[in-house]
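Data first, discussion second: the structure below is written as structure tokens.
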Amino acid sequence: LFVYPMWKKRVWYRLPYERRKAMMVEHFAIGHRYPQVKINTAYSFGLDDQEFVVAFECDEPAAFLDLVMELRESQASRYTERETPIFTCVRMAADDALKLALGLGTPASVEERELARPVSLLAGG
Numbered sequence: 839l840f841v842y843p844m845w846k847k848r849v850w851y852r853l854p855y856e857r858r859k860a861m862m863v864e865h866f867a868i869g870h871r872y873p874q875v876k877i878n879t880a881y882s883f884g885l886d887d888q889e890f891v892v893a894f895e896c897d898e899p900a901a902f903l904d905l906v907m908e909l910r911e912s913q914a915s916r917y918t919e920r921e922t923p924i925f926t927c928v929r930m931a932a933d934d935a936l937k938l939a940l941g942l943g944t945p946a947s948v949e950e951r952e953l954a955r956p957v958s959l960l961a962g963g
């Protein structure tokens with residue numbers, strides 16, 4: 839999981855709506871070329887300093903890097919003010935994250951617990 843705040847340049851909002859829309863169509867088309875990366879964008883203007891928070895979920899960091907490199911070449915990217923810092927995260931259950939934060943486990947011990955959990959072959963189990 840990769841998460842970062844993002845700001846658009848003010849001039850972006852002075853562009854005609856149809857021009858911005860065309861640039862975003864290109865931007866979204868690039869994202870769709872990477873189906874292994876789930877993209878989540880949240881508009882957050884007024885809630886914090888950034889305008890958006892963007893999260894990319896994928897199993898392979900290389901897919902995220904390839905996607906971001908291609909997105910940065912898009913027309914819409916020219917109007918990005920800032921998109922840092924980028925936070926690299928590891929997906930895990932909240933209780934495991936809390937144990938790690940409190941020093942009650944290590945990443946390896948959390949992974950070992952994951953592997954040790956019983957798996958049910960029954961539907962819904």
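Heads up: the sequence shown is residues 839 to 963, going by our numbering. Backbone N, C-alpha and C define an ideal beta-carbon position, used for all residues, glycine too.
Closer than 8 Å by C-beta to residue i: which residues in its own chain qualify, once you throw out the five before and the five after it? Chain order, please.
{"i": "S958", "result": "The pLDDT assigned to S958 is 45, lower than 50, so where the model puts this residue is not dependable; a value taken from the coordinates is nonetheless given after this. Answer for S958: no residue qualifies."}
{"i": "D897", "result": "Q874"}
{"i": "A939", "result": "none"}
When the Cα of residue i is compared with those of the options, which residue comes out closest?
{"i": "F866", "options": "T926, G943, E911", "result": "E911"}
{"i": "R848", "options": "A914, G943, M930, K937", "result": "A914"}
{"i": "V906", "options": "R871, R858, L853", "result": "R871"}
My guess is that residue i and residue j are in contact by the Cβ rule of under 8 Å, so how many angstroms apart are they, rounded?
{"i": "K876", "j": "E895", "result": "4 Å"}
{"i": "E889", "j": "K846", "result": "6 Å"}
{"i": "E921", "j": "M844", "result": "5 Å"}
Leaving out five residues on either side along the sequence, give the residues of the same chain with a beta carbon under 7 Å from the beta carbon of residue i.
{"i": "I924", "result": "F840, Y842"}
{"i": "T879", "result": "F890, V892"}
{"i": "S979", "result": "This structure cannot settle anything about residue 979, because the visible part of the chain is limited to 839 through 963."}
Among the residues of its own chain, which have a CB less than 6 Å from the CB of residue i, if the five just before and after it don't count?
{"i": "G869", "result": "I877"}
{"i": "Y917", "result": "K846, K847, W850"}
Discussion item. For the structure I just gave you, are there three or more beta carbon pairs, one from the segment 868-882 and one from the segment 897-915, closer than 8 Å?
Written reply: yes
Worksheet item: What are the complete alpha helix (DSSP H) segments, minimum 4 residues, inside the segment 903-939?
Response: 932-939
Item to complete: Go through the segment 848-908 residue by residue and report every complete run of the beta strand (DSSP E) that reaches 3 residues or more, in order.
Response: At a cut-off of 3 residues, the continuous stretches assigned as beta strand (DSSP E) that sit fully inside the segment 848-908 are 876-881, 890-895.
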